[in-house]
Amino acid sequence: MSHCPFCKKKIAMSKAFCSRSCKENYFQLISIQVPKPFLKRIFVFCNPEQREKEIEEFANRHGWRLDLLKNKIDELAIEYGYREEN
0 MSHCPFCKKK
10 IAMSKAFCSR
20 SCKENYFQLI
30 SIQVPKPFLK
40 RIFVFCNPEQ
50 REKEIEEFAN
60 RHGWRLDLLK
70 NKIDELAIEY
80 GYREEN
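Per numbering that gives the first Met the number 0, residue 0 is the first one in the sequence shown, and the count goes up by one each step.
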């Protein structure tokens, strides 16, 4: 057995993803690039309400799904030390 790279479900060895949506989400998540200055701005200079607004505008500007962008930002925030891993 293998695992879906996006949702981690068990799948047959002959498949790469468990569904078409997982495949699309996986490749969109990979394509999301968040610049470090943007992260610094939203975590250092913005309060939580401003941060949400900035993230929504960023997602709309680039045509990315908001939930995937938030996941990517959370990963990068932990990596760069703006947030502690829970």
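Built from N, CA and C at the ideal position, the CB exists for glycine as well.
Everything numeric in this text was worked out from a predicted model, so none of it was measured.
Throw me the rounded Cβ distance for the residue 38 and residue 77 pair, which I believe falls under 8 Å.
Taking the sequence shown and counting its residues from 1, one reaches residue 38 at position 39. Taking the sequence shown and counting its residues from 1, one reaches residue 77 at position 78. Incorrect: roughly 11 Å between the Cβ atoms, too far for contact.
Taking the C-alpha atoms as reference points, what is the distance between residue 40 and residue 13?
As a first step, residue 40 must be located in the sequence shown, where it is residue number 41. As a first step, residue 13 must be located in the sequence shown, where it is residue number 14. Roughly 44 Å between the two C-alpha positions.
Just curious, the alpha helix (DSSP H) that residue 60 is in, first and last residue?
Residue numbering aside, residue 60 sits at position 61 when the sequence shown is read from its first letter. Looking at the DSSP string, the run of the alpha helix (DSSP H) that includes residue 60 is 47-61.
Using CA atoms only, rank isn't needed, just tell me which of 75, 67 and 79 is closest to residue 6.
As a first step, residue 6 must be located in the sequence shown, where it is residue number 7. Comparing Cα positions, the closest option is 67.
Tell me where the alpha helix (DSSP H) around residue 27 begins and ends.
Position 28 of the sequence shown, counted from the first residue, corresponds to residue 27. Note, residue 27: alpha helix (DSSP H), 19-30.
Range covered by the alpha helix (DSSP H) that runs through residue 34
Along the sequence shown, one-based indexing puts residue 34 at 35. Taken as a continuous stretch (DSSP letters only), residue 34 belongs to no alpha helix (DSSP H), as it is neither H nor E.
Bridge partner(s) assigned by DSSP for residue 10:
Along the sequence shown, read from residue 1 onward, the residue named residue 10 stands at position 11. Note: residue 10 sits in a beta bridge opposite 1.
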